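K.L.:
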Amino acid sequence: MYSEILPALRCPSCHSHLQPEVGQRAADGEILDAILDCGQCDRSYPVREGIADFLGTPQPTTPAQRVNEWPLTAWGYERVWRPFSLTLLSQSPFPYRLELPLIARLVQPTRGGLFLDIACSNGLYARALTRAMGAASGHVAALDHALPMLRDAQQRARAARLRISFVRASAQSLPFASASMSGATIGGSLNEIGDLDQCLREASRVLVPNGRFVAMVLTTARTSVGRLIQRAFEPGGVVFFSLDILLAAFARHGLPVVERESRGIVVFTQSTKAL
Ligand SMILES: C[S@@+](CC[C@H](N)C(=O)[O-])C[C@H]1O[C@@H](n2cnc3c(N)ncnc32)[C@H](O)[C@@H]1O
Ligand SMILES: [Zn+2]
Numbered sequence: 012m013y014s015e016i017l018p019a020l021r022c023p024s025c026h027s028h029l030q031p032e033v034g035q036r037a038a039d040g041e042i043l044d045a046i047l048d049c050g051q052c053d054r055s056y057p058v059r060e061g062i063a064d065f066l067g068t069p070q071p072t073t074p075a076q077r078v079n080e081w082p083l084t085a086w087g088y089e090r091v092w093r094p095f096s097l098t099l100l101s102q103s104p105f106p107y108r109l110e111l112p113l114i115a116r117l118v119q120p121t122r123g124g125l126f127l128d129i130a131c132s133n134g135l136y137a138r139a140l141t142r143a144m145g146a147a148s149g150h151v152a153a154l155d156h157a158l159p160m161l162r163d164a165q166q167r168a169r170a171a172r173l174r175i176s177f178v179r180a181s182a183q184s185l186p187f188a189s190a191s192m193s194g195a196t197i198g199g200s201l202n203e204i205g206d207l208d209q210c211l212r213e214a215s216r217v218l219v220p221n222g223r224f225v226a227m228v229l230t231t232a233r234t235s236v237g238r239l240i241q242r243a244f245e246p247g248g249v250v251f252f253s254l255d256i257l258l259a260a261f262a263r264h265g266l267p268v269v270e271r272e273s274r275g276i277v278v279f280t281q282s283t284k285a286l
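Below is the structure:
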């Protein structure tokens, strides 16, 4: 975690400011150990080995969420599973060199300010946003509830010498101030996030007016065989949305979609938070 994110951090329980007691820092200023104290409700949250933890004991609820707690998933998700499944679902080769510029164009991190990658897994979008930000003044935070994912994401960011703040928290209870983020991304995670409305409510809350919300979502298959396969994933906690339901949910939370691009059942949307 880096100092840039400290002013935006809030207690996820009572939304009050947090007082950091910083211990060890790395040579580049990364905060390795700290305690984030809430003056209001007396809760405190540790920063351990650079990752701020707002969750304590793991609480994944669905099988899909439990799988993301496995170190093997953290190792293989971005390396193997993600490119394979995205190519399959988009019905054409869809490598990162095509996807990441699309994300950067939709989010436009060169606008500066704070950006949040929600349910980041290995931190793919967080790294892409940090790179795309270039010399603009800003910072990217990346959040997930699975510690093995965050550890792997942190290693990748450090290896690439990118300053990214990693946070373990729930997408339904973001530990950030209202109107603190210029943009937020969520890549493939709305399909397994749990309470969709609460996640969108929180994403909308933390965005500044005119802030951008960019999502990559898997929508309902067009063939009956495809829909049958998708239904088999549902008991595991993976949900596929019809585009109409998805767009209505975004609009309900002040995130009307202003641009979208589809590749097979994979849909990229850019919402601008209503003023
Ligand atoms: C499909 S993967 C995300 C992929 C990643 N965004 C990318 O584009 O490479 C789903 C991630 O969401 C996380 N996750 C699922 N439900 C969550 C929740 N309610 N809060 C925070 N993270 C969640 C899982 O731990 C997992 O890492
Ligand atoms: Zn508090």
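Residue numbers (this note's numbering): 12 to 286.
The beta-carbon is built from N, C-alpha and C at its ideal position, and this holds for glycine as well.
All values derive from a computational prediction rather than experimental measurement.
What do you reckon, is the C-beta of Q51 under 8 Å from a heavy atom of ligand 2?
P.N.:
Within the sequence shown, residue 51 is the residue found at index 40, counting from 1. Yes, since a heavy atom of ligand 2 falls inside the 8 Å radius drawn around the Cβ of Q51.
K.L.:
On the CB-based measure, 16 or more other CB atoms within 10 Å of its CB, does I240 come out buried or exposed?
P.N.:
Within the sequence shown, residue 240 is the residue found at index 229, counting from 1. Answer is exposed; the Cβ neighbour count stays below 16.
K.L.:
I need the boundaries of the beta strand (DSSP E) containing F279, first residue and last residue.
P.N.:
Translated into the one-based positions of the sequence shown, residue 279 becomes position 268. Start and end: V277 to T283.
K.L.:
Pick from A226, R174, G222 and L109: whose alpha carbon is nearest that of A38?
P.N.:
What you label residue 38 is simply residue 27 of the sequence shown in a count that begins at 1. Measuring from the Cα of A38, the nearest candidate turns out to be R174.
K.L.:
Apply the 10 Å Cβ neighbour rule to F95 and answer buried if 16 or more other Cβ atoms are within range, or exposed otherwise.
P.N.:
Taking the first residue of the sequence shown as 1, we reach residue 95 at position 84. It counts as exposed.
K.L.:
Does at least one heavy atom of ligand 1 sit under 8 Å from the Cβ of Q281?
P.N.:
For this step, residue 281 is matched to residue 270 along the sequence shown. No, Cβ of Q281 sits at least 8 Å from all heavy atoms of ligand 1.
K.L.:
Can you give me the Cβ contacts of A147 inside the same chain, cut-off strictly under 6 Å, excluding the 5 residues immediately before and after it?
P.N.:
For the purposes of this step, residue 147 is taken as residue 136 along the sequence shown, with counting starting at 1. Counting only Cβ-Cβ distances below 6 Å, and skipping sequence neighbours, we find T121 and G123.
K.L.:
Determine the DSSP secondary structure at L47, reduced to helix, strand or coil.
P.N.:
As a working note, residue 47 is residue 36 in the sequence shown. It is a strand residue.
K.L.:
In the structure shown, what three-state DSSP assignment does I114 receive?
P.N.:
Here residue 114 is taken as the residue at index 103 of the sequence shown, counted from 1. Helix.
K.L.:
Leaving out the 5 sequence neighbours to the left and right, which residues in its chain are closer than 7 Å to V33 when beta-carbon positions are compared?
P.N.:
Here residue 33 is taken as the residue at index 22 of the sequence shown, counted from 1. Counting only Cβ-Cβ distances below 7 Å, and skipping sequence neighbours, we find I42 and A45.
K.L.:
Nearest-angstrom Cα distance between R274 and D208?
P.N.:
As a first step, residue 274 is located in the sequence shown; it is residue number 263 there, counting from the start. As a first step, residue 208 is located in the sequence shown; it is residue number 197 there, counting from the start. Taking the straight line from one Cα to the other gives about 25 Å.
K.L.:
When every heavy atom of ligand 2 is checked, does at least one fall within less than 8 Å of the C-beta of S27?
P.N.:
Here residue 27 refers to the residue found at position 16 of the sequence shown. Result yes, Cβ under 8 Å from ligand 2.
K.L.:
Classify E60: buried if its beta carbon has 16 or more other beta carbons within 10 angstroms, exposed otherwise.
P.N.:
The residue you call residue 60 lines up with position 49 of the sequence shown. When all chains shown are included, E60 counts as exposed.
K.L.:
Exposed or buried, which one is T72 when buried takes at least 16 other CB atoms within 10 Å?
P.N.:
Here residue 72 corresponds to residue number 61 of the sequence shown, with the count starting at 1. T72 comes out exposed.
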